[in-house]
Amino acid sequence: MKLELVYDYKNNDLLRKSFNELCMQVFGISFERWYQKGLWKDNYICYSYKDGDQIIANVSVTKMKLKTAKGVRKLLQIGTVMTAENYREQGLARKLMDYVTKKYEDEYEAFYLFANQSVVDFYPKFGYKEVDRLQFFTKEKVESDLTYNFRKLDMNDNDDLRILAKIAENRIATSNKFFFEANEEILYWYCLEIFKDNIYYNKDEELIVLYALAGDVLNIYDVISTKAINYKKILASIQEDAVKETVFHFNLEVEDLSIQSRGFDALKEDDHMFIKGKLNMEGLTYPITSHT
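Just so it is clear: in the sequence shown, position 254 is 254 by full-length UniProt numbering, and no numbers are missing.
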């Protein structure tokens, strides 16, 4: 069996199609619409083995710029680690992990990734350590006559997609402690594939809120704005009577709301975070729209 290492092949229609087919088989996701919309740029790179014209194993990297109180840090996120069923137990994922580590270890301060329970024993073999993170929430119910009028954006509408892009590319940070700059690439994928029915826009404030109600819990996945964010006004606009708790899936800094925190339940959510290098998650959460 002659396997060939290939990378950064997103513009190769045949290989990209095979990559997406493997993604669907393993994770039930696709990157094709992201590509066709012109939103797959240069920060997300696939490193794969191919057998003929078939992608049979992959490790992807995403180049990340983390804004912290001490400045901007260069990090590398590992993701989309997968092997076709007939090629497993051959160490292909290990070889790809070794390859990207050697290629990027002198350029990036830390590597990190997210894993489900079935593979939590795999990544410590490469020097990764599992870390805890927080989840932020409030029990506060906000009632006010000062509210935003939102309309839902349609990701099938190119005009709405341009609205999202304009605001995302000029957004302010939700936190000065932990926020990824120039991260639109991953955000666009989430808006196209995961949160396509949960994107709400206020024109006057150039404000977009990604949110959804799950029972009595309001989940706010991201707040994308070019102006200072008024979280209290946002909650007054979208909290329904049934809401008992609002969860923020990102880091935020707000003084006029009672924000609480608890440990993120990685076992329940089947989402374990691993880090190789120096990256302190104490007192922080990981923003969901930066997660590959």
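Where is the CB? At the ideal position from N, CA and C, for every residue including glycine.
- Judged by their CB atoms, glycine 91 and threonine 292 are not nearer to each other than the 8 Å cut-off.
- Taken in chain order, the complete alpha helix (DSSP H) segments of 4 residues or longer contained in the region 205–258 are 231–238.
- Under the three-state reduction of DSSP output, aspartate 157 falls in the coil class, being neither helix nor strand.
- With a 10 Å radius around the Cβ and a threshold of 16 neighbouring Cβ atoms, methionine 64 comes out buried.
- Lysine 233 and glutamate 130 have their C-alpha atoms roughly 37 Å apart.
- Contact between leucine 235 and aspartate 222 is absent: CB atoms are separated by about 15 Å, not below the 8 Å threshold.
- With 16 or more neighbouring CB atoms inside 10 Å of its own CB, valine 59 falls in the buried class.
- Excluding sequence positions up to five before and after aspartate 53, its CB lies within less than 8 Å of the CB of Leu14, Leu15, Ser18, all in the same chain and listed in chain order.
- Measuring C-alpha to C-alpha distances from methionine 97 to each of Pro124, Lys268, Lys74, Asn86 identifies Pro124 as the nearest.
- Between the beta-carbon of alanine 173 and that of lysine 67 there is about 6 Å, and that keeps the pair under the 8 Å contact cut.
- Within the DSSP bridge table, the entry for threonine 62 names Tyr44, Gln77 as partners.
- Closest in alpha carbon position to aspartate 154, among Arg162, Tyr148, Tyr108, is Arg162.
- Annotation: the continuous beta strand (DSSP E) that includes leucine 113 extends over 110–115.
- The C-beta separation of lysine 278 from glutamate 109 comes to about 7 Å, placing the pair in contact by the 8 Å criterion.
- Looking at the backbone, the Cα of methionine 281 and that of serine 258 are separated by about 21 Å.
- Between threonine 285 and glutamine 135, the C-beta gap is smaller than 8 Å, which places the two residues in contact.
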